[in-house]
Each structure stands twice: as structure tokens, then as C-alpha cells.
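Number 1014 in this note's numbering belongs to position 386 of the sequence shown; there are no gaps in the numbering.
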Amino acid sequence: MSATEDLRMLNTFQRYGIKVIKGEGAYVWDDSGKRYLDFMQGFGVGILGHKNQAIIKAIYDQLNQLDICHGSLYNDARERFLEEFFRIAPKSLSRAFLSNSGAEAIELALKLARKYTGKKGFISFTGAYHGKTFGALSVTYSEKYKEGFGPLLEPVRFLKYGDVNELNLADFSDIAGVIVEPIQGESGIIIPPDDFLPTLRELTEKKGVPLIIDEIQSGMGRTGKWWAHQHWNIQPDIMTAGKGIGGGIPMGVTAVREDIASVIKVGEHSSTMGGNPIASAAGAATIKEVEKLLADIPTKGENFMKGLRKLNSHTVKEVRGKGLMIALDLRIRFKDVLFAQLKNGLISLYSGLTVLRYLPPYIITQNDIDNALSIIEKSLMEIDSKRFI
Ligand SMILES: Cc1ncc(COP(=O)(O)O)c(C=O)c1O
629 MSATEDLRML NTFQRYGIKV IKGEGAYVWD DSGKRYLDFM QGFGVGILGH
679 KNQAIIKAIY DQLNQLDICH GSLYNDARER FLEEFFRIAP KSLSRAFLSN
729 SGAEAIELAL KLARKYTGKK GFISFTGAYH GKTFGALSVT YSEKYKEGFG
779 PLLEPVRFLK YGDVNELNLA DFSDIAGVIV EPIQGESGII IPPDDFLPTL
829 RELTEKKGVP LIIDEIQSGM GRTGKWWAHQ HWNIQPDIMT AGKGIGGGIP
879 MGVTAVREDI ASVIKVGEHS STMGGNPIAS AAGAATIKEV EKLLADIPTK
929 GENFMKGLRK LNSHTVKEVR GKGLMIALDL RIRFKDVLFA QLKNGLISLY
979 SGLTVLRYLP PYIITQNDID NALSIIEKSL MEIDSKRFI
């Protein structure tokens, strides 16, 4: 509980009702001293968990060296971040703009697509989530986020996510860009059929329409590859990254193909804080730290999903995921289970009405996974038994 936040902040967040004051690795503590396994990690930001010592050192050293440096001045920390980023970036991309959030990265991606093609429209997909600023909201699917905020960008057409037939029939003539999550996060960890992304790549390439791949949630190693689209061997024209890329410091990245980058001129886009030395130093250190953990992510994810599949509960409809981007789809609404998990010491995310979503940090151990599984099992049993009273 926080009377101050309840009184002073806009009422925009679905609150969990606990006040978290301390973190360490995969765990956080509330103000009563209760410990929780944190599989929310700031909605997927904490890819290395809390208080990673290499990130702390990078931030601390940078603070002692130079804290503020606008993009109009060159900076060594920014240089180091760019060198690290383009070492792991898809090979089709050669330039980046650094900003402060996922939605901001999306805004620029949309602007670039329009400027490059001279066209106005966008194709997005059912279930898509790209953020809540005007441009990002326009290509986000859910109507409930848009009500009362129009007019948004137009025209935007939403094709059925995963449906190759719809792709083949799509009209690209007025389209500036197609934006897609390689695995949909907010709508419940939806993995498309194997021919979906390669077909989309082939069609957009043939039509000369930039393909914007949104890796804000699925990227930075989350699925066991640096970028989730690499599971399907395709290359983006524009890619957005965010969440954990700044090691917990706000950072968004819009990475672009050379010829698309060349359409933007001095002054046409900017961000006061984008590419600041602190985020850059934290971001460069994050890439090096993730690199050490990347190879183990698929096994950790498989072990967690194996355990979820073995759960003794008839309320489980489906377990799905890739790497450490995992969903437990229930036959009942998630809410009671989410709060039972919270009471039992596990913080998780949710999607839609029935999905519990887990975005654990890459540092989790088998012990943490076993701990989470026993909390989930206990919580499901409590809810099941309640339903029979
Ligand atoms: C795929 C995707 N794109 C964009 C965003 C928006 O990022 P931000 O909340 O940092 O603006 C999110 C956030 O959840 C996301 O998951």
C-alpha cells in the first residue's frame, strides 16, 4: 500500500498492493520484510535480476567520469555502447537512434518508414502491443487502450497474427511499413507458425515495404537468441529494442538499415536524454553480461516449462513459450491465482483474462525454478480447492 502514490499518481497501473523496497538477483522484499521471487522484473526489464554487480560498477564508474552528455557532443560511453550493440545486432542494420523507452523507439520506427516510402499506412496484427504514445498506440491492437484518444495515425490495418493466407492476400499499395512482434508478449506469449515471419519477410521485401520488428520484449536474449526473429532466420529493415537493454536504466533503441537511416536529416528527430552516458555505460555492460548467460537460457526455459506441464492441476490449459518468455494459460481467470502466488511469494505478470506470464531474469538457478514451481502448484491448489467449497 502507498497512500502517497494512490493520492498523487494518475491511476493508470493495475496495482498488486505491495510496496517493494529492496532487490537482490531474482528476489525482492516488501516493506514488511517479506521476500518474493520476482518473475515480473519490472515487466521484463530485469534481465540480469536486481543489483547485478557489473552493471552497478559500470554505472558508478560512469557517474564518476561523466554523467551528462547530449547527443550533439561525441561521447566515449556512447561509442562503446554502439560498438557492443552492433556486434550483436542483426547484420542488416547499421545505424541506431538511442532513446529512453520502448514506445519512443517505436515512434521513430514509424516516422522513418513514412519518410522512406513517402506513404502513410501501416500494417499491424491482431493482439499486437507496441506501447501507448500516439504512434505506438495506433499500431497496438486492443481497442480498450485507444478509446477516447483519437484520432490516431491512419490508415492502420490489422491482419490476423500468424495467418499466412491473410498475408498473401494483403494489399501493400498504401503501406509505409509493417510492424510485428516476432513473439507477442502482452497478448500472452503467442508464437506464430513457422512459415509466418519468413512469408512476411518475403512479401515485404518483394513489395519494398520496410519490415519493423519489435524486439522490445522478446529481444536481448529473452528467448535464447539475441533477437527472437533469429529463430526464423530473417532480417529486419528496422528493429526496436527496449526494456532490459539499458540494464535497468531507461533506454530505447531504433536500429535501421543504412538506406532507411539516410532519409533522416539533422533536426528531424531528437531526444534530450537519448544516448546519455549512464544508460550507454549500463547498456554496454548489459550486453557483456547477457553474453555469459545466453547459452543456458533455452535449457532454463525448458526446465521451467517441463515443470509447469507436470503441475497437478486441471485448471492448466496450456504451457507455451520460448526461452524465458513463458505463459501458463488457465481454464479460469488469472486474477485469483496471481494473487495467491503473490501471497505465497512469487510476483508474475498476466495477459488477457486467463494467462499468467513469467519473465524471469536470466540468472535464475534450478533452485529458483523449483521454488517458483512449488509456489505455482500450491497457489493453483488453493484456488482449485476454493472452487469446490
Ligand atoms: C513488444 C513491446 N513493444 C513496445 C512496448 C512499449 O515499451 P515501453 O513501455 O517502454 O514504452 C512494450 C512494452 O511492454 C512491448 O512489450
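Ideal Cβ placement from N, Cα and C applies to all residues, glycine included.
At least one heavy atom of ligand 1 is found less than 7 Å from the C-beta of Gly813. Beta-bridge annotation (DSSP): Phe753 is paired with Leu787. Sequence-distant partners of Gly816 (beyond 5 residues in either direction) whose C-beta falls short of 6 Å from its own C-beta, in its chain, are Ala955, Ser979, Gly980 and Val983.
The three-state secondary structure of Asp658, taken from DSSP, is strand.
Rounded to the nearest angstrom, the gap between the Cα atoms of Gly852 and Met668 is 18 Å. With a 10 Å radius around the Cβ and a threshold of 16 neighbouring Cβ atoms, Arg885 comes out buried. Taking Met901 as the centre and dropping the five residues before and after it, the same chain places the C-beta of Asn728 closer than 7 Å to its C-beta, in chain order.
Straight-line spacing of the CA atoms in Gly653 and Asn680 works out to 7 Å. Between the alpha carbons of Gly935 and Ser1007 lies a distance of about 15 Å.
Here the stretch 766-777 makes no contact with the stretch 712-720; the two share fewer than three CB pairs at distances below 8 Å. Considering only Arg706, Lys743 and Cys697, the residue with the shortest C-alpha distance to Ile892 is Lys743. According to DSSP, Ile818 shares a beta bridge with Gln812. DSSP assignment within the stretch 833-884 yields the following whole beta strand (DSSP E) runs of 3 residues or more, N-terminal first: 839-842, 866-869 and 880-884.
Boundaries of the alpha helix (DSSP H) harbouring Leu970: Phe962 to Asn972, taken from the DSSP string. One thing to note: Val792 has its Cβ no nearer than 8 Å to the Cβ of Asp842. Within 7 Å of the C-beta of Tyr789 there is not a single heavy atom belonging to ligand 1. A direct Cα-to-Cα measurement between Gln845 and Leu726 gives close to 17 Å. Partner residues in the beta bridge of His678, as assigned by DSSP, are Gly653.
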